[in-house]
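Numbering (the working numbering), first residue to last: 704 to 1409.
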């Protein structure tokens, strides 16, 4: 849904509810009879652009001096992106009614759509000067300012608009958008709810309200918002995908049947869906790529005119400039993984920039990021264009998107070419589906040979796991007991601390079978709230398992969460979307993880981690093998003890937690892709070799045809 909503002085969007067109009093002298003017307004507000343009052209034959007709015809041309024709008409209207604001406001909108922001702002100011209380102009000027990252100024204008029209739902909605950009999430959420109460069919407000409820983990409250959107428009696939994702978060397994009923067209019939919401719906990388490409076509729009080519240097710069872009340079899974890389970068050969557009939390992980990089750019609140301009001013050699299609993503900025080489890394486990991204960092497990068709990007296959880890992550010294965790003193403890949406009937059936066969065992899960717990207990009961054999863990600070995992016996991985950071958390804490690799990237991460931890015996071949291995470990204490002892050694010796070697390999990959670009070679998949001494003169990186 769009983040801002225009009112009547710009071309109307489909289904838009607009304030009445307000003309300056001088327009009362317009020769067009009021009855005809009202008819044109009605057709225009209904979104019938072609009909409106035809009517204006016909009426101008008899009323050629009507500023109203010239203005409206100009707006019709603007809607059809015929900008030169639009400006011709609006200029004529301005000549006929120089003290009326409408033509100036219309010209402002055209200039903004052309990317001429200075001219657009100047015309908005002229229009507002002619009629300072015009709600339409206040609203649309504010939307422009919000889009420029100047939301503080937008809020001031929208508050003025509210004074004039306190019950205008669109103004309230746009005020919520501006406050949201400023980080005032509580007030913006309240205003979205108010906008919905004023205008229940304002679908953009309902969608954004639902998103904010999800961000605050209020899934039970969010569910009816997306349900109403789907009922209002059954072909709104984006809303349906969110609805299904929320059902999965709440462990309402009815989502599976609804998904199956819509899977053939979901995200493919005009309304793209957020790729992240589709990950757990089905392990089908071909379908995921098509859906992702459809989404990228609407969210990462390549400029019509390609920006100037980067100049290829005659040789490698003394230090390659690497830019990491993320909202997660704080206490977040990204930093738990990446911290060791940032600490280990060779600053003699690489100049590291971090562009942080997330909250400015003052925690240990943020301090680590700021102290580890050469340049830490606080860019929260900057518009996309301002962020692009800043990034380009740093003359980056490689730009790295650490978010992808995850929360607070700003991947659209990469469409403007922040650096000659652009890489997707770590945040989103799959293709970005756009030519704006050149490479994706993977490994030979998550993207084995033969899987290349699943990716838009050329692949960088790391020598071990694609996932970095920080061997300096702290585990709390507290010695948790089973009693501390609400677990029985006796019996085998199966656990899964994955996000609740990853749990589907497929693995849950197996888990309940394990509980049925292993007497006294329990399943320890991370709590996702009362509704999720109730649904899972009901599903257990339906499978003949006592509901109290599911034990739910409350969330706690990360170092203590790591410490408490030592009381569990075996971590059971989910299938379509494996444990990612959660999996390496468990291994770092000394807890074995059993996984079953699937087809898509997200379903093969567990196998990647275990391969890099030298624990292949925990990688199952199929569902029967997954269950058999779990049963063996649950019923053979000596086998489990031997496995835990092996893990204890491997966590200090295996490649998975060797941040220094990992970083050298990553830097070799950066060198290789930059050199490939510098020498004007075609992009290709590349593999970073294993077990070669860093920069010992051997063939460290090999390219293969893309």
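Every residue, glycine too, gets a C-beta built ideally from N, C-alpha and C.
Exposed or buried, residue i, counting other C-beta atoms within 10 Å across all chains shown (16 or more means buried)?
i	result
residue 1335	exposed
residue 1186	exposed
residue 1075	buried
residue 1159	buried
residue 1352	exposed
residue 920	exposed
residue 832	exposed
residue 1156	exposed
residue 859	exposed
residue 994	buried
residue 950	buried
So the beta strand (DSSP E) residue i belongs to, where does it begin and stop?
i	result
residue 1125	1124-1127
residue 1081	1078-1081
residue 1309	Segment 1308-1315 is the alpha helix (DSSP H) holding residue 1309; no beta strand (DSSP E) there.
Between which two residues does the alpha helix (DSSP H) carrying residue i extend?
i	result
residue 900	888-901
residue 948	940-952
residue 1332	1326-1338
residue 850	838-850
residue 752	752-763
residue 832	820-833
residue 989	988-1002
residue 747	737-748
residue 916	906-918
residue 1264	1261-1267
Leaving aside the five residues before and after residue i along the sequence, list all residues of the same chain whose C-beta is less than 6 Å from its C-beta, in chain order.
i	result
residue 1365	1171
residue 864	838, 841, 842, 874
residue 1127	1104, 1107, 1135, 1140, 1143
residue 969	940
residue 1246	1215
What is the DSSP secondary structure of residue i, counted as helix, strand or coil?
i	result
residue 1048	coil
residue 1161	strand
residue 1373	helix
residue 1240	helix
residue 775	helix
residue 1140	coil
residue 1198	strand
residue 1207	coil
residue 1389	strand
residue 1013	coil
residue 1145	strand
residue 807	helix
residue 1027	strand
residue 1297	strand
residue 1116	helix
residue 1245	helix
residue 1251	helix
residue 1183	coil
So, for residue i: in the same chain, excluding its five sequence neighbours on each side, which residues have a beta-carbon less than 8 Å away from its beta-carbon?
i	result
residue 1188	1227, 1254, 1256, 1267, 1270
residue 1077	1050, 1054, 1055, 1056
residue 1244	1250
residue 1180	1266
residue 1099	1024, 1025, 1026, 1056, 1121, 1122
Could you say which of the options lies nearest to residue i if we only look at CA atoms?
i	options	result
residue 1383	1117, 1018, 1074	1018
residue 1224	1214, 1362, 840, 910	1214
residue 1109	1207, 1381, 1028	1028
residue 1062	1035, 1047, 965	1035
residue 922	1208, 757, 1204	1204
residue 896	884, 887, 879	879
residue 1301	1294, 1326, 1289	1326
residue 1201	1229, 1208, 1177, 1212	1229
residue 984	1292, 1217, 1207	1207
residue 996	1374, 976, 792, 1289	976
residue 1114	1004, 1084, 785, 1316	1004
residue 1277	1310, 1248, 1291	1310
residue 1132	1183, 1194, 1037, 1101	1037
residue 829	850, 807, 815	807
residue 1065	1031, 791, 1044	1031
residue 1219	1210, 1235, 1341, 1252	1252
Can you name, in chain order, every residue of its own chain whose Cβ lies under 7 Å from the Cβ of residue i, other than the five neighbours on each side?
i	result
residue 1147	1164
residue 913	925, 928, 929, 945
residue 901	870, 872, 875
residue 815	823, 847
residue 1375	1389, 1404
Under the criterion of a Cβ to heavy atom distance below 7 Å, does residue i qualify as lining the ligand PLP?
i	result
residue 959	Because no ligand of any kind appears in the structure shown, any question about the ligand PLP cannot be addressed here.
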